[in-house]
Amino acid sequence: MKDQSKMPLMEALQRMRHERLVPFDVPGHKHGKGNPQLTEFLGEKCLSVDVNSMKPLDNLCHPVSVIKEAEELAADAFGAAQSFFMVGGTTSAVQTMILSSVKSGDEIILPRNVHQSVINALVLCGAVPVYINPQMNKKLGIALGMSIDDVKRTIVMHPNAKAILVNNPTYYGICSDLKQITQIAHEKGLLVLVDEAHGTHFYFGKDMPVSAMAAGADMAAISMHKSGGSLTQSSLLLCGEKVNANYVRKIINLTQTTSGSYLLLSSLDISRRNLALWGEETFEKVKNFAQYAREEINAIGDYYAYSKELMNGDSVFDFDTTKLSVNTLDLGLAGIEVYDLLRDEYGIQIEFGDLGNILAYISVGDKNKNIERLISALSEIRRIYKKDNKNMLDTEYISPTVVISPQEAFYAEKTSLPLAECGGRVCTEFVMCYPPGIPILAPGERITQEIIAYIQYAKDKGCVVTGPESMDISRLNVWEGEENG
Amino acid sequence: MDDLWYSEYHTPSVRFSLKVSRQLHYEESKYQKISVFESLEFGRFLTLDGIMMLTERDEFIYHDVITHPAMAVNPAIKNVLVIGAGDGGVVRELGKYSGIELIDIVEIDERVVAVCKEFLPQTACGFGDARVHLHVQDGLKFVRHTDKKYDLIIVDSTDPFGPGEVLFTKEFYGNCCRALTEEGILINQHESPFYQEDAKAMKYAHRRISHSFPMSYVYQAHIPTYPSGHWLFGFASKGLHPLKDLKVEAWNALGIKTKYYNTELHQGAFGLPTYVKEMLKDE
């Protein structure tokens, strides 16, 4: 292990501040002096390090000094061969994984419950998705992980596939058997890409599910700003031994800004140090908070805060116990309804509510009294709003039919139709509930009556449905080609 | 003698000061900073995070008005829950009723109780009563685990900034409602209408209580050491009315000794200044 107490990037910024360099470069606010209102709002210290690349601060596009050192320390802390500091969110890390692994016409194997950024990357590069239907837990209405048999079968059926992508974990905390999937994929020559947007803590906590790098995967996208504590939009991309890091850097530079924010970069540097030095105890606290809340919430009645009892050795190979996911269906309320009540009636903002579940994000920043407030508010919501639950939609996994590639569909000739008339046509845009941002429809997929009913139900329950050009999702753009052809 | 003064900022530009002869105690507990001072005019006084909680001289007003009005509306009260009453003053007053069978006290900070027992026997004497059961716990958590058990809940909280914050939330009032019997009454320390920040907290508290209880009223008292001296209390219930159900004769027949409270004052206390009535109208 390197000396993880060092923060080369933050230390360089401190030196710069101390030397009182006279700025005749961008940004034009010049350490905040030119924008007093912004400085008042964000603080002088913050503005004084919002600076441009310069020799003492290295350059994100071509790191040779302090950024390089900071990236090496991060790679060391995460057990990776190489790490990249990303300033375009984990979206940019996910896109880089895909753009550096597959190109136009290549097949890539994915679970259907991927984040939209994955399919967006396919629109950019022209690769073709091969979906593995995740197993469903019907009672909870959530997609689980990939089963090993499905992975094996799909690889056999698509011998030319170049890569497989795995969620580790899902938004709800569910992990597939990453180690075995990696082994199987590597035997067949596939690259293993892991979306670890919700798994930063796997690298540092005790008794956590296996991390991508420990499982031998090739690349992983890490949302440092989620459980890692860095600023929103900062993220890490990790690479294993066999990845050509210089090629990856070229891919990153295709779309990443040349003015990477030092606020974001230094937050990655500082957070990496905290995780390396104190991550284990930090996540022990988070686990205890979540476990306490789960027990108390389950004692209220009608709520089901699930955990490791879902594990089945396959599609739920492991569960991330820092996640507080709660099923609300026995209450007769959709997750999104509980989510809205918590905010509007009790002043509590949680991470998301879908049709059957809510997710409260627990972190080291939480306090006992706020956990008590959350539990008590849930108890009150049950007392006051509980309904007969006969009319709850039984969430089924809707298996997509990919007719053309996301890229082909995205750029194809299209026509706009009212939602109700779209049955049987090929969609050319995304439809998803946000969060979690997992597509209901992706470009190139067949629209079925079942999907139309699901979209309508999600809208009625108050979900934020996004993606289509038609902002209120009253219409969808469909492919003209099929009719013409 | 040294020129020592204790000051509390009632607003950023208004200060209230007492000349003190000495500081008897200071500590930082898990939740807050606890001090006890000796003053010339007000006797000993307790502060939490620099805010004055009670003085020996005027605590009788606060403890009388937070306890006796509910007892005079329902003298048959048997089970009482007091939240945040670490100094023991409320318990001392409740102890005067022989009809009360159970007094549960929930105080999150056991150090407050210990410090008061050591330095403020005038109020802490209440803890000696055999009907009193002290629970060192989060108040919100305690009520959440209780169902239709209490005839009276008294919320003797600090201000809604700091550890007392949860005791001003809608989920707390809702859980209190569940914890009360059908005849149940909730009394709470309701902040002041005078200075802007206090008034804001007062209005929020009233709105939230009104949403949780069928009946919700506010009454007032004059407390010299609290900001502006004008302090409010909340009376919420599932059905009992603070004036129509007042049992003047029954209460007076109990022969309870008080220094501030009496049944005429009770009837006057619910008559509020016009500007306060305006504030309490649901926005």
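So the sequences go chain by chain: A and B. The first sequence begins at 50 in my numbering and counts up one residue at a time. The second sequence begins at 12 in my numbering and counts up one residue at a time. Using N, Cα and C, we set each Cβ at its ideal position, and we do this for glycine too.
Who are the neighbours of A426 of chain A on chain B, taking C-beta pairs under 7 Å?
Simply E182.
Taking 8 Å as the limit between beta carbons, can you name the residues of its chain near D521 of chain A, skipping five residues before and five after?
Around D521 of chain A: no qualifying Cβ.
Starting from H21 of chain B, follow the alpha helix (DSSP H) in both directions and report where the run begins and ends.
Here H21 of chain B belongs to no alpha helix (DSSP H); instead the beta strand (DSSP E) covers 16-22.
Can you name, in chain order, every residue of its own chain whose Cβ lies under 6 Å from the Cβ of S24 of chain B, other than the five neighbours on each side?
Cβ within range, chain order: n/a, list empty.
Please tell me whether F134 of chain A and L287 of chain A are closer than 8 Å, where the distance is taken between their beta carbons.
It is not a contact, given that the beta carbons lie outside the stated cut-off.
Determine the closest residue to V452 of chain A out of A:L317, A:C482, A:P488, A:G493, with distance taken between C-alpha atoms.
For the residues A:L317, A:C482, A:P488, A:G493, the minimum Cα distance to V452 of chain A belongs to A:G493.
Residues of chain A with CB under 7 Å from N186 of chain B, in chain order?
Result: S425, S428, E429.
Below 8 Å, how does it come out for the stretch 306-316 of chain A and the stretch 155-162 of chain A: are there three or more Cβ pairs, yes or no?
As far as the Cβ criterion goes, the stretch 306-316 of chain A does not touch the stretch 155-162 of chain A, which means the pair count is below three.
Taking the alpha-carbon positions, what's the E93 of chain A to N84 of chain A distance?
Approximately 11 Å between the Cα atoms of the pair.
DSSP state of A190 of chain B, grouped into three classes?
It is helical.
Spell out whether any CB of chain B is found under 8 Å from the CB atom of L343 of chain A.
For the record, residue 343 of chain A in the displayed sequence is Arg; it is not Leu. Not an interface residue.
Tell me, which residues are paired with M63 of chain B by DSSP?
Per DSSP, B:T58.
Report the option in B:P284, B:L257, B:H201, B:T180 whose CA atom is closest to the CA atom of L391 of chain A.
Comparing Cα-Cα distances from L391 of chain A to each of B:P284, B:L257, B:H201, B:T180, the minimum goes to B:T180.
Does the structure place the stretch 79-97 of chain B close enough to the stretch 146-164 of chain B that three or more beta carbon pairs sit under 8 Å?
Taking 8 Å as the limit for Cβ pairs, the verdict is that the stretch 79-97 of chain B does touch the stretch 146-164 of chain B.
Could you give the DSSP three-state label for L171 of chain A: helix, strand or coil?
In the structure shown, L171 of chain A sits in a helix (DSSP, three-state: H, G or I).
Which residues in chain B sit within 8 Å of Y395 of chain A, going by Cβ to Cβ distance?
Within chain B, the residues near Y395 of chain A are T180, K181, E182.
Would the beta-carbon of I164 of chain B fall within 8 Å of that of C187 of chain B?
Against a cut-off of 8 Å, the Cβ pair of C187 of chain B and I164 of chain B comes out as a contact.
Along chain B, which residues have their Cβ under 8 Å away from the Cβ of N417 of chain A?
Near N417 of chain A (Cβ distances below 8 Å), the residues of chain B are D149.
Is H207 of chain A near the ligand ZN, going by C-beta to nearest heavy atom under 7 Å?
Annotation note on the ligand ZN: not contained in the displayed structure, which lists no ligands.
I believe A491 of chain A touches P517 of chain A by the beta-carbon criterion, under 8 Å. Please report the beta-carbon distance rounded to the nearest angstrom.
A491 of chain A to P517 of chain A, Cβ: 12 Å. No contact.
With DSSP collapsed to three states, give me the class of C288 of chain A.
Correct three-state label for C288 of chain A: strand.
So, does the stretch 33-53 of chain B touch the stretch 242-252 of chain B, judging by three or more C-beta pairs under 8 Å?
Counting Cβ pairs under 8 Å, fewer than three are found: no touch.
Which residues, in chain order, does the stretch 152-181 of chain B contribute to contact with chain A at a C-beta distance below 9 Å?
Going along the stretch 152-181 of chain B in chain order, one finds K152, V154, R155, H156, P174, E176, V177, T180, K181 with a Cβ nearer than 9 Å to chain A.
So, do the stretch 73-90 of chain B and the stretch 269-277 of chain B have three or more beta carbon pairs nearer to each other than 8 Å?
A contact exists between the stretch 73-90 of chain B and the stretch 269-277 of chain B.
Measuring CB to CB, does P76 of chain A end up less than 8 Å from E118 of chain A?
Cβ distance not < 8 Å, so P76 of chain A and E118 of chain A don't count as in contact.
With a threshold of 8 Å, are at least 3 pairs of Cβ atoms found where one atom belongs to the stretch 317-337 of chain A and the other to the stretch 242-261 of chain A?
Segments in contact, yes.
Would you give the residue range spanned by the beta strand (DSSP E) that I447 of chain A belongs to?
Looking at the DSSP string, I447 of chain A is not in any beta strand (DSSP E), and its letter there is neither H nor E.
Beta-carbon within less than 6 Å of N199 of chain B's beta-carbon, same chain only, minus the 5 sequence neighbours each way: which residues are those?
So the qualifying residues of the chain are V166, G245.
Please name the residues in the stretch 112-132 of chain B whose beta-carbon is closer than 9 Å to at least one beta-carbon of chain A, in chain order.
Answer set for the stretch 112-132 of chain B: I119.
Using a Cβ-Cβ distance cut-off of 8 Å, determine whether R189 of chain B contacts chain A.
Output row for R189 of chain B: interface = yes.
Spell out whether any CB of chain B is found under 8 Å from the CB atom of R432 of chain A.
Chain B contact via Cβ: present.
For a quick check, are the C-beta atoms of D267 of chain A and V241 of chain A less than 8 Å apart?
Yes.
Any idea if K288 of chain B is buried or exposed, counting beta-carbon neighbours within 10 angstroms, 16 or more meaning buried?
Classification for K288 of chain B: exposed.
According to DSSP, simplified to helix, strand and coil, what is Q34 of chain B?
The answer is strand: DSSP assigns Q34 of chain B an E or B state.
With three or more beta-carbon pairs closer than 8 Å as the criterion, would you say the stretch 374-387 of chain A touches the stretch 400-416 of chain A?
Counting Cβ pairs under 8 Å, three or more are found: they touch.
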